[in-house]
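Participant:
There are 2 protein chains.
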Amino acid sequence: MLYIIGLGLGDERDITLRGLEAVRSCDKVYVEAYTSLLSFGLASDGLSRMEKLYGKDIVVADREMVEEHADAILREATDSNVAFLVVGDPFGATTHTDLVVRAKKIGLEVRVIHNASVMNAIGICGLQLYRYGETVSIPFFTDTWRPDSFYPKIHRNRQLGLHTLCLLDIRVKEPSLESLCRGKKCYEPPRYMQIHTAINQLLEIEESNGKSAYDAETKCVGIARLGYEDQKIVAGSMKDLLDVDFGLPLHCLVIVGETHPVEEEMLDFYSIKSING
Amino acid sequence: MLYIIGLGLGDERDITLRGLEAVRSCDKVYVEAYTSLLSFGLASDGLSRMEKLYGKDIVVADREMVEEHADAILREATDSNVAFLVVGDPFGATTHTDLVVRAKKIGLEVRVIHNASVMNAIGICGLQLYRYGETVSIPFFTDTWRPDSFYPKIHRNRQLGLHTLCLLDIRVKEPSLESLCRGKKCYEPPRYMQIHTAINQLLEIEESNGKSAYDAETKCVGIARLGYEDQKIVAGSMKDLLDVDFGLPLHCLVIVGETHPVEEEMLDFYSIKSING
Chain Y
2 MLYIIGLGLG
12 DERDITLRGL
22 EAVRSCDKVY
32 VEAYTSLLSF
42 GLASDGLSRM
52 EKLYGKDIVV
62 ADREMVEEHA
72 DAILREATDS
82 NVAFLVVGDP
92 FGATTHTDLV
102 VRAKKIGLEV
112 RVIHNASVMN
122 AIGICGLQLY
132 RYGETVSIPF
142 FTDTWRPDSF
152 YPKIHRNRQL
162 GLHTLCLLDI
172 RVKEPSLESL
182 CRGKKCYEPP
192 RYMQIHTAIN
202 QLLEIEESNG
212 KSAYDAETKC
222 VGIARLGYED
232 QKIVAGSMKD
242 LLDVDFGLPL
252 HCLVIVGETH
262 PVEEEMLDFY
272 SIKSING
Chain B
2 MLYIIGLGLG
12 DERDITLRGL
22 EAVRSCDKVY
32 VEAYTSLLSF
42 GLASDGLSRM
52 EKLYGKDIVV
62 ADREMVEEHA
72 DAILREATDS
82 NVAFLVVGDP
92 FGATTHTDLV
102 VRAKKIGLEV
112 RVIHNASVMN
122 AIGICGLQLY
132 RYGETVSIPF
142 FTDTWRPDSF
152 YPKIHRNRQL
162 GLHTLCLLDI
172 RVKEPSLESL
182 CRGKKCYEPP
192 RYMQIHTAIN
202 QLLEIEESNG
212 KSAYDAETKC
222 VGIARLGYED
232 QKIVAGSMKD
242 LLDVDFGLPL
252 HCLVIVGETH
262 PVEEEMLDFY
272 SIKSING
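Going down the list, the protein sequences come from chains Y and B.
Okay, so the first sequence: first residue is 2 according to my numbering, each after it adds one.
Okay, so the second sequence: first residue is 2 according to my numbering, each after it adds one.
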């Protein structure tokens with residue numbers, strides 16, 4: 002049996018009782034590093050805290066390991082119980098569909114244990130979940146690569162009066178250009194896009210496309226460390242949010258569409274003006 | 002302090018460790034009946050199982066009670082810890098924004114503990130969450146009221162190649178027409194829309210609008226009891242799904258947009274054809 006278990010947002014105590022029971026029934030426990038490093042990794046003792054609370058040794062499986070050794074992990078699960086822990090929900094922002102497809106192809110029983118992910122926890126900012134359009138991702142620009150595929154999607158959402166959740170780029174364990182050239186494995190330090198970088202990129206793309214999908218006065222909500230005890234939520238114009246220090250990752254951004262009165266009331270509590278007195 | 006705690010989908014064991022800790026620290030615990038009856042209520046001993054596991058007496062707060070006595074609940078929370086338990090995520094399909102707004106208005110500290118909701122757990126059907134457009138609700142038609150506000154939304158999503166999550170109507174503790182006339186409180190028996198009813202209504206509205214947003218051959222995924230141990234997921238055309246017995250509530254329906262290969266592979270596992278051999 003392969004269990005794919007969502008850990009939710011926050012720390013090791015955000016697992017569900019059902020998830021904990023499953024982990025404790027397993028012979029082998031993996032935790033996906035790609036995203037988990039982001040939250041648990043912020044506390045340097047994240048892994049050992051998990052191992053202590055769950056009562057199991059946990060193997061950190063980074064993206065490379067999962068891609069290269071998925072078959073071995075699945076083989077283990079054919080004659081024992083294996084848990085694969087995932088930050089958020091197993092089918093949240095990052096997908097584990099591929100692992101499930103592989104497992105099902107060899108007739109392996111898969112059980113998924115759900116948890117919160119950014120896709121629903123974002124509701125805390127007060128904008129109704131059913132009023133969101135398509136979600137977009139904002140990738141880090143480089144000197145030569147400034148992709149804008151998010152732009153027409155945001156434009157459409159705005160024309161329809163819908164909110165847009167922008168997921169901001171994460172670069173963890175990216176091979177360095179030098180290492181690619183030399184055939185050795187060296188990695189760039191991890192990078193997490195901050196809200197002000199995302200807004201600057203958004204404004205640059207608006208300027209080059211010029212369709213008035215949004216501008217510096219467009220109302221947004223910036224959210225840092227969603228679901229953590231020290232999460233920070235600030236509502237204001239793009240221009241206003243450029244100056245807010247949101248602190249440690251992860252950051253995400255919502256571009257606000259048309260709002261109902263109860264949405265307005267919630268945004269008021271997070272407004273940069275009410276926060277700054 | 003007011004805690005608003007998501008219970009997730011399934012049963013009492015889907016609470017998170019953080020949520021359980023919070024419940025146990027509270028002097029008074031309410032559970033919202035409007036949605037909770039749907040899942041925990043299916044097992045007649047749902048409430049007592051929760052009380053036993055959480056180690057607290059729990060007051061069932063139906064919609065009427067919350068609307069009429071919100072101020073009293075909030076007053077209790079000003080000088081003690083009060084938990085308000087909610088099926089799914091506090092800001093999932095059903096919103097608790099209003100309670101939070103009222104609490105914040107009187108300066109009450111509110112802590113939200115997230116969990117899975119239909120809005121992210123739907124990812125299990127294999128369609129990527131970021132490829133969904135606006136979510137729609139399908140209300141029960143009556144002889145004289147056949148609202149179709151979902152139709153243009155589905156139409157737009159389909160034109161953009163996006164998937165559409167359809168939330169199906171729930172009628173719990175609706176005053177009966179007779180009771181409204183006599184001024185006494187009597188209630189209709191609860192009703193939960195089934196997938197075949199939703200599809201019949203969708204096809205009726207397509208026929209009267211005639212814009213070819215979808216038809217009987219359009220691929221859909223029907224999901225019953227999402228997140229429960231006996232959940233049922235079947236992919237097929239609207240016409241095919243009309244004949245599937247999905248069993249007990251809750252049901253929901255996804256109208257499939259354009260698909261990527263890995264989405265196709267997952268849908269194949271749930272296909273009505275592969276299930277029926």
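Note that CB positions come from ideal geometry on N, CA and C, so glycine has one too.
Cα-Cα, which of Y/271, Y/208, Y/258 and Y/118 is closest to residue 87 of chain Y?
Facilitator: Y/118
Participant: Can the beta-carbon of residue 193 of chain Y be found less than 9 Å from the beta-carbon of residue 234 of chain Y?
Facilitator: no
Participant: With residue 196 of chain B as the anchor, note down where its alpha helix (DSSP H) starts and where it stops.
Facilitator: 196-210
Participant: If we define contact as Cβ-Cβ less than 9 Å, is residue 252 of chain B a contact residue for chain Y?
Facilitator: no
Participant: Taking 9 Å as the CB-CB limit, is residue 50 of chain B close to chain Y?
Facilitator: no
Participant: On the three-state DSSP scale, how would you describe residue 215 of chain Y?
Facilitator: coil
Participant: Using the Cα positions of residue 26 of chain B and residue 121 of chain B, report the straight-line distance between them to the nearest angstrom.
Facilitator: Looking at the two C-alpha atoms, the distance is approximately 29 Å.
Participant: At the level of alpha carbons, what is the spacing between residue 8 of chain Y and residue 62 of chain Y?
Facilitator: 15 Å
Participant: Strictly under 9 Å for the Cβ-Cβ distance: is residue 157 of chain Y near chain B by that measure?
Facilitator: yes
Participant: Taking all protein chains shown into account, do 16 or more other C-beta atoms lie within 10 angstroms of the C-beta of residue 217 of chain B, making it buried, or fewer, making it exposed?
Facilitator: Classification of residue 217 of chain B: exposed, given that the 10 Å Cβ count is below 16.
Participant: With 9 Å as the limit, tell me which residues of the segment 100-114 of chain Y have their beta carbon closer than that to any beta carbon of chain B; keep them in chain order.
Facilitator: 101, 102, 105, 106, 112, 113 and 114
Participant: If you count every other CB in all the chains shown that lies within 10 Å of the CB of residue 60 of chain B, and 16 or more means buried, which is it?
Facilitator: exposed
Participant: Which whole-angstrom value is the C-beta distance of residue 104 of chain B and residue 75 of chain B, which I expect to be below 8 Å?
Facilitator: Contact flag correct, Cβ pair sits at about 6 Å.
Participant: What are the start and end residues of each continuous alpha helix (DSSP H) run of 4 or more residues lying completely inside the segment 213-275 of chain Y, in chain order?
Facilitator: Qualifying alpha helix (DSSP H) stretches, in chain order: 239-242 and 262-271.
Participant: Indicate whether the contact test is met: 3 or more Cβ pairs, each with one atom in the segment 11-22 of chain B and one in the segment 100-116 of chain B, closer than 8 Å.
Facilitator: For the pair of segments examined, the segment 11-22 of chain B was found to touch the segment 100-116 of chain B: the number of CB pairs separated by less than 8 Å reaches three.
Participant: Just to confirm my understanding: we take residue 37 of chain B, look at its own chain, exclude 5 residues before and 5 after, and list those with CB closer than 6 Å. What are they?
Facilitator: Note that residue 37 of chain B scores a pLDDT of 49, beneath 50, so its modelled location is shaky and nothing firm can be said.
Participant: At 4 residues or longer, and completely inside the segment 68-140 of chain B: list those alpha helix (DSSP H) runs for me, N to C.
Facilitator: Along the length of the segment 68-140 of chain B, whole alpha helix (DSSP H) runs at least 4 residues long occupy 98-106 and 119-122, reported in chain order.
Participant: Go through its chain and collect everything with a Cβ distance to residue 285 of chain B's Cβ below 6 Å, but skip five positions before and after it.
Facilitator: Because chain B in this structure spans residues 2 to 278, residue 285 of chain B falls outside the shown range and cannot be described.
Participant: Select from the segment 130-142 of chain Y all residues with a C-beta closer than 9 Å to any C-beta belonging to chain B, and list them in chain order.
Facilitator: 130, 131, 132, 133, 134, 135, 136, 137 and 138
Participant: Kindly indicate which residue of Y/204, Y/107, Y/91 and Y/257 has the alpha-carbon position closest to the one of residue 279 of chain Y.
Facilitator: Absent from the model: residue 279 of chain Y. The displayed extent of chain Y is 2 to 278, so no value can be given.
Participant: Quick one: does residue 18 of chain Y have its CB under 9 Å from some CB of chain B?
Facilitator: yes
Participant: According to DSSP, is residue 65 of chain B helix, strand or coil?
Facilitator: It is helical.
Participant: If you run the structure through DSSP and keep just helix, strand and coil, what is residue 155 of chain B?
Facilitator: helix
Participant: Quick one: which chain Y residues come within Cβ less than 8 Å of residue 14 of chain B?
Facilitator: 17, 18, 19 and 22
Participant: With H, G and I counted as helix, E and B as strand and the rest as coil, what does DSSP make of residue 280 of chain Y?
Facilitator: Because chain Y spans 2 through 278 in this model, residue 280 of chain Y falls outside it and cannot be assessed.
Participant: Assuming residue 32 of chain B is part of the beta strand (DSSP E), what are its boundary residues?
Facilitator: 29-33
Participant: Using a cut-off of 7 Å between C-beta atoms, extract the partners of residue 266 of chain B located in chain Y.
Facilitator: 102
Participant: Are any of the Cβ atoms in chain Y nearer than 9 Å to that of residue 270 of chain B?
Facilitator: yes
Participant: Chain B beta carbons: is any one of them nearer than 9 Å to that of residue 120 of chain Y?
Facilitator: yes
Participant: Can you name, in chain order, every residue of its own chain whose Cβ lies under 6 Å from the Cβ of residue 50 of chain Y, other than the five neighbours on each side?
Facilitator: 13
Participant: Note the first and the last residue of the continuous beta strand (DSSP E) segment covering residue 169 of chain B.
Facilitator: 165-169
Participant: If we cut at 9 Å on Cβ distances, does residue 10 of chain B have a partner in chain Y?
Facilitator: yes
Participant: Could you compute how far the alpha carbon of residue 207 of chain B sits from the alpha carbon of residue 129 of chain B?
Facilitator: When rounded, the distance between both Cα atoms is 26 Å.
Participant: Under 7 Å Cβ-Cβ, which residues of chain B neighbour residue 228 of chain Y?
Facilitator: 115
Participant: With distances taken between CB atoms, is the gap from residue 204 of chain B to residue 83 of chain B smaller than 9 Å?
Facilitator: At least 9 Å separates the beta-carbon of residue 204 of chain B from that of residue 83 of chain B.
Participant: Using a Cβ-Cβ cutoff of 7 Å, what residues of the segment 46-74 of chain Y are near chain B? List them in chain order.
Facilitator: none
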